[in-house]
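*Asks:*
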Amino acid sequence: MGFAHFFSARKNRHWLQRLGVWSRVESSKHLAYDALSVTTRDGLSVTFTAAEVDQPQLGVMVENNALIRAMWHYVAEHSQVELRSDTAVQSYDLSGQQLHFATGEALSYDLLIGADGANSAVARAAGIGMRGWDYDMRCLLAIVETEKPVAPATWEIFREQGPYALLPLDQHRACLIDYRSEQEWRSADEAAIAEGLEQTFAPHIGSFELQRHGSFPLRRQRALRYIDTRGVVLIGDAAHSIHPLAGQGVNLGFADVQELFEQLAQKPLDQALRGYERKQMAVNQQMMRVMDAIHVGFRSEHLAARAAVALGLTAVSKLAPLRKQIIRAAMGDSQI
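In the working numbering, the protein residues as written are 1 to 336.
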């Protein structure tokens, strides 16, 4: 969905600034936020603010297409980069380290980076298997224009059928996110979608006008390995697709890129790829487990699980060092 927005951790925004990409992102397509809150299905809430760690903001909401355009403009200006956006790869000769294009042309490479999404053709060509499962849920994203001003804060509320959340886009625009069963959202027509969003979000943000929407199924997936000895490496969604609860998928992808390039700058190719795989597979799987724990714990019908969530939130609300650690992790400055 081209209109999708995501969280950009402060660390990654600074990285994009150093690269010279961030200045090319249209100013109207991103918004800094300074607070985030989570509410359980039992009504317990905890809010985190940038002020708690003496920072002006926690991160930035960025429109996906705007960042992609900025990146295309950035690489197009570099003479070392040759763009081939007008053709398609017809076949992969990994043993010969060549790509064969639909035009009949062949291109040799030393390193093939598979950054082609969850249904990665590069991973299939390399025979890299995937492990994962469907959550039997669907995420609806809707862009709305609000009558009342929208605060620069994001929030998420859990309920029996799935959580819902708000991402601020500007003073009178927001991205509404509503997770429900696969069947409910797939079978809903325009009127049902508008009515469902109205019932869910109007009590929080007042009246709004639905501009556009789209949805996608939720799936957890990870590659069994990130590299192939024939000069292949997977990054981003080609290597891992996580539950989007915390909007961290793109931040994990950025971390993959940074770690891969750091390894390549310091070591021979084979050692660099092994070092990248060892580091990022551990980091990404940890985040996947955290997202699964949140998904299960916050939706659970079992009293023990809900009591554990309540106890955890109570501890977070009272322990300033723990709160600061969580905030810094959300900003990309540390890990939980």
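Each residue gets a CB set at the ideal place from its N, CA and C atoms; glycine is no exception.
1. Taking 7 angstroms as the cut-off, is the beta-carbon of residue 178 closer than that to any non-hydrogen atom of the ligand PLP?
2. Are the CB atoms of residue 241 and residue 221 nearer to each other than 8 angstroms?
3. Report buried or exposed for residue 110, applying the criterion of at least 16 other Cβ atoms within 10 angstroms of its Cβ.
4. Taking buried to mean at least 16 other C-beta atoms within 10 Å of its own C-beta, is residue 86 buried or exposed?
5. I'd like the span of the beta strand (DSSP E) that includes residue 100, first residue to last.
6. Could you give the distance in angstroms between the alpha-carbon of residue 243 and the alpha-carbon of residue 198?
7. For the putative contact between residue 130 and residue 224, defined by C-beta atoms under 8 angstroms, what is the C-beta separation to the nearest angstrom?
8. Less than 7 angstroms between C-beta atoms, sequence neighbours within five positions excluded: which residues of the same chain meet that for residue 200?
9. Ignoring anything shorter than 4 residues, give me the alpha helix (DSSP H) runs that lie fully in the segment 60-130, in order along the chain.
10. My output table needs one value for residue 146: the three-state DSSP class, helix, strand or coil.
11. Could you compute how far the alpha carbon of residue 278 sits from the alpha carbon of residue 215?
12. Does residue 324 come out as helix, strand or coil in the three-state DSSP assignment?
13. Determine whether the beta carbon atoms of residue 173 and residue 161 lie at a separation below 8 angstroms.
14. Going by DSSP, what residues sit across from residue 154 in a beta bridge?
15. I need the boundaries of the beta strand (DSSP E) containing residue 229, first residue and last residue.
16. Check each candidate in 166, 254, 96 and name the one with the smallest Cα separation from residue 126.
17. Quick check: what's the CA-CA separation for residue 24 versus residue 60?
18. Would you give the residue range spanned by the alpha helix (DSSP H) that residue 177 belongs to?
19. Can you tell which of 98, 196, 287 has its C-alpha closest to the C-alpha of residue 329?
20. Apart from the five residues just before and just after residue 189, which ones in its own chain have a Cβ nearer than 6 angstroms to its Cβ?
21. Relative to the alpha-carbon of residue 140, which residue among 120, 192, 91 has its alpha-carbon at the smallest distance?
22. What residues in its chain sit with their C-beta under 8 angstroms from that of residue 94, if we drop five residues either side in the sequence?
23. Apply the 10 Å Cβ neighbour rule to residue 103 and answer buried if 16 or more other Cβ atoms are within range, or exposed otherwise.
24. May I ask you to list the residues that DSSP assigns as paired with residue 268?
*Replies:* On the basis of the supplied data:
1. With respect to the ligand PLP, the structure offers nothing, as it holds no ligand at all.
2. yes
3. exposed
4. exposed
5. 98-101
6. 25 angstroms
7. 7 angstroms
8. Annotation for residue 200: 164, 178 place their beta carbon closer than 7 angstroms to its own, counting only its chain and skipping 5 residues before and after.
9. 64-76, 121-125
10. strand
11. 33 angstroms
12. helix
13. no
14. 36
15. Segment: none, residue 229 is in no beta strand (DSSP E) and carries neither H nor E.
16. 96
17. 15 angstroms
18. Unbroken run through residue 177 is the beta strand (DSSP E), 173-181; no alpha helix (DSSP H).
19. 287
20. If we look at residue 189 and ignore the five residues flanking it on each side, it has no Cβ neighbours.
21. In terms of Cα proximity to residue 140, the closest of 120, 192, 91 is 192.
22. 112, 125, 126, 228, 230, 231, 232
23. exposed
24. Paired residue(s): none; residue 268 is not in a bridge.
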